[in-house]
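Number of protein chains: 2
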Amino acid sequence: MPEAVVPRGRKRRLDAERSRAAVLDAAIAVLGRQADASVEDIAAAAGVVRQTVYAHFPSRGALLAAVVEHLTAETTATLDTLDLDTMSEVDALRRWLEVSWSMVERYPVLLSPVMATAGPGADDVARHRSVTARLEALIRRGRMSGAFDTRLPEAWTVAAVVALGHAAGQEAGAGRMSPRDAGAAYRDSVLRLVRAPA
Amino acid sequence: MPEAVVPRGRKRRLDAERSRAAVLDAAIAVLGRQADASVEDIAAAAGVVRQTVYAHFPSRGALLAAVVEHLTAETTATLDTLDLDTMSEVDALRRWLEVSWSMVERYPVLLSPVMATAGPGADDVARHRSVTARLEALIRRGRMSGAFDTRLPEAWTVAAVVALGHAAGQEAGAGRMSPRDAGAAYRDSVLRLVRAPA
DNA sequence: CTTATCTTAGACACGGATGTCCAAGATAAT
DNA sequence: ATTATCTTGGACATCCGTGTCTAAGATAAG
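Residue numbers (our numbering), protein chains in the order written: chain A, 1 to 198; chain B, 199 to 396.
Have a look at this one:
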């Protein structure tokens, strides 16, 4: 596995950075539709030739890893602008759900198996870790404060929230529900599942 | 695509039927662990050579289709022995969840993408149709009788139940929860999601 | 403008999986 | 015991994807 070329004799040509970005974007788009898309497919969608992809990413796996990295970074960054800690648990969860859902809507690849299999930790949860970490902390806080129900295991609750997100994404992606309705159903369902009974 | 050989000059050798069954069972087991297992892998697990697989199934796709067919048949058969119509909606749903969960436990391949991609209708829902049809009917009945909540779309409710089943399977399969706990959490979550508020 | 960088086109090697063919031997049916 | 069926081993063609190499042409940086 050779490394991606990053010359230092002169300045990096912005041309190159444009190609790299195009490939990355194309990968996000294409893999969102077909998880096992070939490098050829991605290159074509990027308006580039296959060799150019290898000029920026040493291997297919490295490209996938870059996709995962890119998206998790953006998602966690977005989540961190929310100041979830300063609001009530229920509001914070609502906010978290809104943001997560908007990300899923924008990047369907987020629910693709690609996110699980790519990257160092090839575990379905380990991959979402940096994103679900916020959720986990939030849920723990709500459970301790009495705002959330504690009858179900904490880890299960997290898994359930993720799974319902997948379901909403499927329904919207398959055209069985409008993205709006899917998002609403998602939020309502999670709240019903997580909130402490009155 | 040649057809599977079914001679009629003499009687079918039970030897052959044993091989066929072994291959089918091996496929169910192996694909449960690795969705993209090769015909070679499956043959090896069946204690058979690759060519023998092709002697019974014309192609890889046909084998997958046979797996799907086999499992959906068994599952629907099991579900039909329950007489769900004669009990209360909540009891019926509980029963449905128990049976479905036991099937998922026994056949992890049921949550594999194999079930979606194989078979004629390559739709995630269309494949489960014969199984989820029972669930759908059940949910509709409960919604009309007032036992279930009607604030969420019916189709969404079905999707959510399936998704939570996947989550439970994942958690149990990954060893993060015991199968028992996962099943319990699954049932509790679904009931909490579906039941009408008191 | 000069030069280094980037993209492209065309090959090529390699590995892995699918599907096919055939001949020989094992095995069950009659 | 005879015969048709089944499994096996070996070999082979094919397709597809990955990854590498090279030379030529385009393009941005200095």
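Backbone N, C-alpha and C define an ideal beta-carbon position, used for all residues, glycine too.
Backbone secondary structure at residue i - three-state DSSP
i: Arg332 (chain B); result: helix
i: Arg195 (chain A); result: strand
i: Gly165 (chain A); result: helix
i: Met1 (chain A); result: Since pLDDT at Met1 (chain A) reaches only 44, below the 50 mark, its modelled position is unreliable, and the value read off the structure follows with that caveat. DSSP places Met1 (chain A) in coil when its eight states are reduced to three.
i: Thr150 (chain A); result: coil
i: Ala320 (chain B); result: In this prediction, Ala320 (chain B) scores a pLDDT of 49, lower than 50, which makes its location untrustworthy; the coordinate-derived value is nonetheless stated afterwards. The answer is coil: DSSP assigns Ala320 (chain B) none of H, G, I, E or B.
i: Ala260 (chain B); result: helix
i: Met115 (chain A); result: helix
i: Arg339 (chain B); result: helix
i: Gly183 (chain A); result: helix
i: Gly371 (chain B); result: helix
i: Ala178 (chain A); result: Looking at the sequence shown, residue 178 (chain A) is not Ala but Ser. Correct three-state label for Ser178 (chain A): coil.
i: Arg208 (chain B); result: coil
i: Ala353 (chain B); result: helix
i: Ser189 (chain A); result: helix
i: Ser217 (chain B); result: helix
i: Phe255 (chain B); result: coil
Nearest-angstrom Cβ-Cβ length linking residue i and residue j, presumed shorter than 8 Å
i: Trp205 (chain A); j: Ala167 (chain A); result: Within the shown structure, residues of chain A are numbered from 1 to 198, placing residue 205 (chain A) beyond reach of any answer.
i: Ala220 (chain B); j: Val246 (chain B); result: 6 Å
i: Thr76 (chain A); j: Ser130 (chain A); result: 5 Å
i: Leu110 (chain A); j: Leu71 (chain A); result: 6 Å
i: Leu280 (chain B); j: Arg292 (chain B); result: That pair is no contact at about 11 Å.
i: Ala147 (chain A); j: Val90 (chain A); result: 6 Å
i: Val68 (chain A); j: Met115 (chain A); result: 6 Å
i: Arg390 (chain B); j: Leu193 (chain A); result: 6 Å
i: Val388 (chain B); j: Leu295 (chain B); result: 6 Å
i: Ala361 (chain B); j: Ala163 (chain A); result: 5 Å
i: Ala396 (chain B); j: Ala380 (chain B); result: About 26 Å separates the two Cβ atoms, so there is no contact after all.
i: Thr250 (chain B); j: Ser217 (chain B); result: 6 Å
i: Gly363 (chain B); j: Ser310 (chain B); result: That pair is no contact at about 13 Å.
i: Arg60 (chain A); j: Val39 (chain A); result: 5 Å
> Would you call the stretch 53–67 of chain A and the stretch 20–36 of chain A touching, i.e. three or more CB-CB distances under 8 Å?
Replying inline: yes
> Of all the alpha helix (DSSP H) runs that stay within the bounds of the stretch 22–55 of chain A, which reach a length of 4 or more residues?
Replying inline: 39–45
> Using 8 Å as the Cβ pair cut-off and three pairs as the minimum, do the stretch 303–315 of chain B and the stretch 346–353 of chain B touch?
Replying inline: no
>> Counting only Cβ-Cβ distances shorter than 8 Å, please list the residues of the stretch 368–385 of chain B near chain A, keeping chain order.
In response: Gln368, Glu369, Ala372, Arg374, Met375, Asp379, Ala380, Ala383
> Going along the stretch 131–159 of chain A in order, which residues come within less than 9 Å of chain B, judged by CB to CB distance?
Replying inline: Asp149, Arg151, Leu152, Pro153, Ala155, Trp156, Thr157, Ala159
>> I'd like the ranges of any alpha helix (DSSP H) spanning at least 4 consecutive residues and lying wholly in the stretch 64–111 of chain A.
In response: Runs of the alpha helix (DSSP H) inside the stretch 64–111 of chain A: 89–106.
> Going along the stretch 228–244 of chain B in order, which residues come within less than 8 Å of chain A, judged by CB to CB distance?
Replying inline: Residues passing the 8 Å Cβ filter: none.
>> Quick check: the stretch 176–187 of chain A against the stretch 128–144 of chain A, are at least 3 beta-carbon pairs closer than 8 Å?
In response: no
> If you measure beta-carbon to beta-carbon, which residues of the stretch 305–319 of chain B are closer than 7 Å to chain A?
Replying inline: none
> Between the stretch 57–90 of chain A and chain B, which residues of the former have CB atoms less than 7 Å from a CB of the latter, in chain order?
Replying inline: none
>> Taking beta-carbon pairs under 8 Å, can you tell me which members of the stretch 291–304 of chain B lie near chain A?
In response: none
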